[in-house]
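In this text, residue positions in the sequence shown follow my numbering: the first is 237, and each later residue adds one. Yeah, the Cβ is synthetic: ideal placement off N, Cα and C, and Gly gets one too. Note that the structure is a prediction, hence the values are computed from the model and not measured.
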Amino acid sequence: MSSTELRIVAMKSEYASEITRWRYDGIYSFYGHDGSDPDSYMDGMHYACVGGNANLIGYFCFGEDARIPTVEKDVYEEGFTDIGLGMKPELCGNGLGSAFLGAGLDFARKNLGIGNFRLSVAAFNERAVKVYARAGFVTVREVTNAYYKNKFHIMTLEGRSEA
């Protein structure tokens with residue numbers, strides 16, 4: 237699947253409800269959305285990623301909602317827009333990450349005018365770190381998640397917007 241086969245659309249309540257039921261296996265289980273309020277995905281900064289048949293592939297959020305709570309202070313410098321993303325659990329690890337990420341970045345550049353991106357990723361999530369690095373993200377800082385107490389990489393991608 238290429239990023240051109242993926243569409244980023246406004247979040248719908250049925251997509252938000254589905255996301256709140258996602259469960260991930262093993263070390264990835266903390267990415268689950270147990271107890272999430274579907275309405276929290278309806279804030280205008282969350283978008284659904286769908287395939288050609290309108291089946292939900294994943295989601296993106298842009299802005300402060302994409303940030304994680306950290307033990308360290310002054311982690312989030314100005315000049316970058318934070319991006320959060322999640323892929324449907326059964327699609328993870330199947331080689332779709334680059335197309336999925338690319339679709340979200342292209343959408344944000346063209347429709348939201350975002351040029352510089354920042355994301356937070358669990359340090360143990362090597363497959364995601366590789367996808368982000370291939371897309372041009374570089375690790376600029378390691379932080380401790382204030383809630384889970386595990387290490388996260390703060391990664392940035394500098395570029396230009398297309399809006």
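- Contact check, Met323 vs Gly299 under 8 Å by CB: the rounded distance? About 20 Å; that fails the 8 Å criterion.
- Query: Counting along the chain, where does the beta strand (DSSP E) carrying Tyr295 start and finish?
  - Reply: 292 to 298
- Contacts around Val245, its chain only, beta-carbon distance under 7 Å, and the 5 residues preceding and following it disregarded: Tyr283, Ala284, Val286
- Message: Rounded to the nearest angstrom, what separates Gly338 and Val307 at their Cα positions?
- Response: 30 Å
- Item | Under the three-state DSSP convention, the category Ser253 falls into | helix
- Which ranges does the beta strand (DSSP E) cover as unbroken runs of at least 3 residues, wholly within the stretch 362 to 386, from first to last along the chain? 374 to 380
- Using 10 angstroms around the beta-carbon of Arg354, count the other beta-carbons present and answer buried if the total reaches 16, otherwise exposed. buried
- Beta-carbon gap between Ala358 and Asn386 smaller than 8 Å: yes
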